[in-house]
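Chemist:
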Amino acid sequence: MSSTPSAARLWRLRFMALAVLLVAALAWLGAPSRAEAAASCSASISSVNLGSTLSPLTAGTVDATATLNFSCTGLTPLLPISLCPNLDAGSGGSNGSGQRYMVGPGGATVPFQIYQDSGRTQPWGSSVLLVFGTVPTITANPGTGSSINVNQTVYLRLSTSTTTLPGAYSTSFTGQTFFWGLNLLSCAGVTVGSTLTPATFTFSATLIADCTITTGNLSFGNVGVLSANKDAQTGMLVTCTKDTPYAIGLDNGQQGTSATARRMKAGSQYVTYGIYKDEARGSPWGTGAGLTVGGSGVGGAQPLTLYGRVPAQATPSPATYGDQVIATVTY
């Protein structure tokens, strides 16, 4: 005489079957499969120097690319393999919200980021440190063979400002954990499977000291008899990278002999004049020790004033007199 299992009995049987399936799934995820165990895989990311002569005054955004290589041998034919390459903050550190940095002189930092896409919109993340975003899923199929060799582009971006301190900057990635295994649809949250640790790779850039100057014309206007001093002034802007010492010199012009004996010319006649560092016209501005104007850069424009004087002298024939003076900034 047969009997039919009660509803409670059926539920227990189903629950036990589910538990067995769950244990089996956990066992597969927690340990490499026989296909994985037989395989030998490696991964690497190339080191990149984003530039060795970058000026903070003009660099702005600097883009470059690196290459991630993933290769395996001893694979099972037709069985896809996926790599989950996690990247942390690197030695340059981060701001705790996913922004990576390169670190430079005296601990100064410059924003740096690693991206999955050429548009630099999707940062390269980590399944372990979720603040850096998602991890790209790199999948390859050996086909009918037993090996794969995949190259993936890694997109880099350095963001400088005019106030970035010049010097050598870098960030290194050591002991990164790359997970790999049988075809994974997505690397999001994957922290199991076989692991790879690529050799240390470094991203670097060198920002150089730099200066620029601009100045207006020094015009004495319309002058009659040169029986008294005639004064004029004009402005100069000097822009040097942060903490960069500079000195600005003015040559003697096209036909002058000193900072106070420059000469404006018309035909074969001259008008003598000088350029000074101070409003009282007591400190000549020229070249050489004690004659230049110096300072330290701030990453922005710093204003200076050139004070000109035409002293009393014999008046030449009426004409338009001119000269050209070259300003040189040394840093």
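Taking mature numbering (1 follows the signal peptide of the UniProt record, and there is no 0), I'd label the letters of the sequence shown as residues -37 to -1, 1 to 294. Note that CB positions come from ideal geometry on N, CA and C, so glycine has one too.
Assuming tyrosine 132 and glycine 67 are in contact, meaning their beta carbons sit under 8 Å apart, how far apart are those beta carbons, in whole angstroms?
Modeler: Confirmed, about 4 Å.
Chemist: Are at least three pairs of beta-carbons, each pair with one atom in the region 32 to 46 and one in the region 3 to 12, less than 8 Å apart?
Modeler: The region 32 to 46 vs the region 3 to 12: in contact.
Chemist: Please classify valine 256: is it buried, with 16 or more other beta-carbons within 10 angstroms of its beta-carbon, or exposed?
Modeler: Valine 256 is buried by the Cβ-count criterion.
Chemist: If distances are taken between C-alpha atoms only, which option among Phe136, Cys174 and Arg244 comes closest to glutamine 76?
Modeler: Here the closest residue by C-alpha is Phe136.
Chemist: Given glutamine 287, which residues of its chain have a CB within under 6 Å of its CB, disregarding the five upstream and five downstream residues?
Modeler: Taken in chain order, the residues that qualify are Gln217.
Chemist: State the Cα-Cα distance for the pair alanine 172 and threonine 220, rounded to the nearest angstrom.
Modeler: Going from the Cα of alanine 172 to the Cα of threonine 220 covers about 32 Å.
Chemist: Starting from glutamine 196, trace the beta strand (DSSP E) in both directions and tell me its first and last residue.
Modeler: Per DSSP, glutamine 196 belongs to the beta strand (DSSP E) from 193 to 203.
Chemist: When DSSP labels each residue in this structure, what does alanine 277 get in the three-state scheme?
Modeler: The answer is coil: DSSP assigns alanine 277 none of H, G, I, E or B.
Chemist: Return the CA-CA distance between proline 74 and alanine 27, expressed in angstroms with no decimal places.
Modeler: So the alpha carbons of these two residues sit roughly 14 Å apart.
Chemist: Any chance the region 265 to 272 sits against the region 196 to 206, with 3 or more Cβ pairs inside 8 Å?
Modeler: Touching, per the Cβ criterion.
Chemist: Which value, in whole angstroms, describes the spacing of the CA atoms of glycine 53 and glycine 88?
Modeler: Approximately 12 Å between the Cα atoms of the pair.
Chemist: Buried or exposed: which applies to serine 18, given that a residue is buried once 16 or more other Cβ atoms fall within 10 Å of its Cβ?
Modeler: Under this definition serine 18 is a buried residue.
Chemist: Does the contact criterion of 3 or more C-beta pairs under 8 Å hold for the region 79 to 95 versus the region 103 to 120?
Modeler: Flag = yes, the region 79 to 95 and the region 103 to 120 touch.
Chemist: Helix, strand or coil for glycine 144 per DSSP?
Modeler: Three-state result, glycine 144: strand.
Chemist: Restricting to Cα atoms, I'd like to know which of Leu121, Ile111 and Thr36 is closest to alanine 168.
Modeler: Among Leu121, Ile111 and Thr36, the Cα nearest to that of alanine 168 belongs to Leu121.
Chemist: Kindly indicate the opening and closing residues of the beta strand (DSSP E) around threonine 154.
Modeler: Note, threonine 154: premise wrong, no beta strand (DSSP E); not H, not E.
Chemist: Taking the beta strand (DSSP E) that valine 186 belongs to, which residues open and close that run?
Modeler: No beta strand (DSSP E) holds valine 186; DSSP gives it neither H nor E.
Chemist: Find the nearest neighbour of asparagine 104 within the set Ala162, Ser34, Leu50 and Thr235, judged by alpha-carbon distance.
Modeler: Closest by alpha carbon: Ser34.
Chemist: In the DSSP output, what is aspartate 241 paired with across the bridge?
Modeler: According to DSSP, which records beta bridges pairwise, aspartate 241 is partnered with nothing at all.
Chemist: Is leucine 93 buried or exposed, if buried means 16 or more other CB atoms sit within 10 Å of its CB?
Modeler: So leucine 93 counts as exposed.
Chemist: Judging by CA-CA distance, which residue of Asn192, Asn146, Gly245 and Thr16 is the nearest neighbour of leucine 42?
Modeler: Nearest of Asn192, Asn146, Gly245 and Thr16 to leucine 42, Cα basis: Asn146.
Chemist: May I ask you to report which of helix, strand or coil DSSP gives leucine 181?
Modeler: If DSSP states are grouped into helix, strand and coil, leucine 181 belongs with coil.
Chemist: For threonine 24, which option in Ser57, Asn58 and Leu119 has the closest C-alpha, if you only look at C-alpha atoms?
Modeler: Answer by Cα proximity: Leu119.
Chemist: Can you name the residues that DSSP bridges to glycine 257?
Modeler: Note: glycine 257 sits in a beta bridge opposite Ala210.
Chemist: Once you ignore the five residues that flank threonine 84 on each side, which residues in its own chain have a CB closer than 8 Å to its CB?
Modeler: Result list for threonine 84: Tyr78, in chain order.
Chemist: So which of Gly144, Gly130, Thr207 and Ser10 has the shortest CA-CA distance to threonine 16?
Modeler: Here the closest residue by C-alpha is Gly130.
Chemist: With DSSP collapsed to three states, give me the class of glutamine 287.
Modeler: Coil, per DSSP.
Chemist: Work out the CA separation of methionine 65 and threonine 126 for me, nearest whole Å.
Modeler: Looking at the two C-alpha atoms, the distance is approximately 15 Å.
Chemist: Within the continuous beta strand (DSSP E) that includes arginine 226, where are the two ends?
Modeler: From DSSP, the beta strand (DSSP E) with arginine 226 extends over 225 to 229.
Chemist: Which two residues bound the contiguous beta strand (DSSP E) that contains phenylalanine 166?
Modeler: Unbroken beta strand (DSSP E) run through phenylalanine 166: 164 to 170.
Chemist: Take valine 91 as the anchor and find which of Gln62, Gly285, Ala71 and Cys150 has the nearest alpha-carbon.
Modeler: For the residues Gln62, Gly285, Ala71 and Cys150, the minimum Cα distance to valine 91 belongs to Cys150.
Chemist: Given a threshold of 16 other Cβ atoms within 10 Å of its Cβ, counted over all protein chains shown, does leucine 148 qualify as buried or as exposed?
Modeler: It is exposed - the Cβ of leucine 148 has fewer than 16 other Cβ atoms within 10 Å.
Chemist: For a quick check, are the C-beta atoms of isoleucine 176 and alanine 290 less than 8 Å apart?
Modeler: Cβ distance < 8 Å, so isoleucine 176 and alanine 290 count as in contact.
Chemist: Is the beta carbon of serine 109 sitting closer than 8 Å to the one on leucine 170?
Modeler: It is not a contact, given that the beta carbons lie outside the stated cut-off.
Chemist: Rounded to a whole number of angstroms, what is the C-alpha to C-alpha distance between alanine -3 and phenylalanine 95?
Modeler: The pLDDT assigned to alanine -3 is 49, lower than 50, so where the model puts this residue is not dependable; a value taken from the coordinates is nonetheless given after this. Rounded to whole angstroms, alanine -3 to phenylalanine 95 spans 31 Å at the Cα level.
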